[in-house]
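Undergrad: To start, I am sharing the structure in question, which I have written as structure tokens.
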Amino acid sequence: MWKREESGSEHEGHLTALVAEQSLVALRAVAVLEHLAAGEATRAAPHIGPADAPWETVAQALGISGQTARARITRYALRSRCTGEAAVSRADR
Numbered sequence: 106m107w108k109r110e111e112s113g114s115e116h117e118g119h120l121t122a123l124v125a126e127q128s129l130v131a132l133r134a135v136a137v138l139e140h141l142a143a144g145e146a147t148r149a150a151p152h153i154g155p156a157d158a159p160w161e162t163v164a165q166a167l168g169i170s171g172q173t174a175r176a177r178i179t180r181y182a183l184r185s186r187c188t189g190e191a192a193v194s195r196a197d198r
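Numbering (this note's numbering), first residue to last: 106 to 198.
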């Protein structure tokens with residue numbers, strides 16, 4: 106299973122070096138990553154719920170509290186309803 110500490114450390118080192126050398130490029134890279142991550146989360150959220158895994162399991166996978174996990178997944182799921190991402194995601198299956 107993916108572990109936050111292990112997989113992120115190499116990338117964090119690259120970002121740290123980039124920030125030191127080219128701050129604006131680093132900010133742009135982070136903005137692109139945030140945009141991509143939000144899009145994927147919006148597509149995934151409608152497929153996650155208590156029937157799939159208890160909120161505490163979801164929270165542990167995200168590295169946050171159960172209440173925060175539920176709020177985050179709900180926010181992404183609501184965003185997918187507003188943007189139609191859920192329909193697109195289901196059609197891709």
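Note that the Cβ used here is the ideal one computed from N, Cα and C, for glycine as well.
Just to confirm my understanding: we take H244, look at its own chain, exclude 5 residues before and 5 after, and list those with CB closer than 8 Å. What are they?
TA: The structure shown has nothing for residue 244, since the chain only spans 106 to 198.
Undergrad: What number of angstroms, rounded off, separates the C-alpha of R184 from the C-alpha of T162?
TA: 22 Å
Undergrad: Does any residue of chain D have a CB that is nearer than 7 Å to the CB of A146?
TA: Absent from the structure: chain D. Only one protein chain is present.
Undergrad: Tell me whether T121 is buried or exposed, calling it buried when 16 or more other Cβ atoms sit within 10 Å of its Cβ.
TA: So T121 ends up on the exposed side.
Undergrad: Considering only their Cβ atoms, is the gap separating A164 from G171 smaller than 7 Å?
TA: yes
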